[in-house]
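Colleague: My questions all concern the structure below.
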Ligand SMILES: [Mg+2]
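Numbering (this note's numbering), first residue to last: 4 to 316.
Quick look at the structure:
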């Protein structure tokens, strides 16, 4: 196990996707190199060559580095994590947000300042984070189906680059005008329940789509549990109630159901689409499970104290 301190040299690999969001990470490379020159650590760079290339690279290079820095948006981080989860040796993960959607970085308390982020990676002790799984895909922070869940991947890269979050908002308004309604049978902790829903929203914390849902839950990022909110298709005013919940910070409203467990089995219609970390993942029946403290990550001191069950040494 590595010891953290000034005298320790760690090998970092920056994995980045040149096409991620608005900013091309490429132009920050000289800055990153310069910061590393004034540290005891070393750094290499790996640029993605095709979709899912970072998953393969992360898996193949896991034993060669102490730290992987995933530079990009949530999609880039998801690719790296999927590779790490397929390897027995796992480097520590750090995230350098430079995409359009940066929820994972925000959840870990990492902002866009490269200097401040690297300062955290060089000095903070890493902490263990739960990793979740939707069928055969791993994800960090969210999975969803139904209302709003197809938005992030339906907005083209070009539109995101041009309009940023405005594109999401416009898509969201259009989506809310549609009528979503699908049956689910959900099994967890030996229980089996049936509902008709407009959306299933699963989160590891209280943030999704760039929005903080302070009233969604008080769960921890390493408690081995994942939380689902089932937005029910009530007889009347369901659209109003749905919006009201989001306006009120993700507060559970009316008969909507909130469940926390380490494993869910959900049976639904074959045309129901599920996303994972904001990208399309699969259709129909799913198994959602949580791997407690599966990887080590760097997070800010404030986040470690607030969102992790964590005892500072
Ligand atoms: Mg949790």
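All C-beta atoms, glycine included, are put in the ideal place defined by N, C-alpha and C. The structure displayed is predicted, hence computed values, not measured ones.
Pick out whichever of 307, 304, 100, 228 has its Cα sitting closest to the Cα of residue 325.
Modeller: Since the first and last residues shown for the chain are 4 and 316, residue 325 lies out of range.
Colleague: What do you get for residue 124, buried or exposed, if any count of 16 or more other CB atoms within 10 angstroms of its CB means buried?
Modeller: Buried is the call here.
Colleague: Please look up how many angstroms separate the CB atoms of residue 72 and residue 47, rounded, as I've assumed it's under 8 Å.
Modeller: With 8 Å as the limit, residue 72 and residue 47 do not qualify as a contact, their Cβ atoms being about 10 Å apart.
Colleague: Taking the alpha carbon of residue 61 as the reference point, which residue from 170, 126, 89 has its own alpha carbon closest?
Modeller: Checking every option, the nearest Cα to that of residue 61 belongs to 89.
Colleague: Just checking residue 280 against ligand 1 - is the residue's beta carbon closer than 7 Å to any of the ligand's heavy atoms?
Modeller: Not under cutoff, so the answer is no.
Colleague: Quick test of the definition: if touching needs 3 or more C-beta pairs under 8 Å, does the region 112 to 123 touch the region 177 to 192?
Modeller: Not touching, per the Cβ criterion.
Colleague: List in chain order the residues whose CB is within less than 5 Å of at least one heavy atom of ligand 1.
Modeller: Going along the chain, the residues that qualify are 222, 226, 228.
Colleague: One question on the structure: do residue 233 and residue 208 come within less than 8 Å of each other, judged by their Cβ atoms?
Modeller: Result no, Cβ atoms of residue 233 and residue 208 do not sit closer than 8 Å.
Colleague: Let me check understanding here. Comparing Cα to Cα, which of 258, 251, 141, 239 lies closest to residue 198?
Modeller: Out of 258, 251, 141, 239, 258 has the C-alpha closest to the C-alpha of residue 198.
Colleague: Just confirm the distance between the C-beta atoms of residue 286 and residue 270, as a whole number of angstroms; I'd bet it's less than 8 Å.
Modeller: Wrong, their Cβ atoms sit about 13 Å apart, outside the cutoff.
Colleague: Identify the continuous beta strand (DSSP E) that holds residue 97 and give its terminal residues.
Modeller: Element bounds for residue 97: 95 to 100.
Colleague: How is the beta strand (DSSP E) around residue 205 delimited, first residue to last?
Modeller: 194 to 206 is the extent of the beta strand (DSSP E) around residue 205.
Colleague: What's the gap between the Cα of residue 301 and the Cα of residue 277?
Modeller: Distance between the alpha carbons of residue 301 and residue 277: 28 Å.
Colleague: For residue 64 and residue 113, what's the separation of their Cα atoms in angstroms?
Modeller: Near 24 Å, if we compare the C-alpha coordinates of residue 113 and residue 64.
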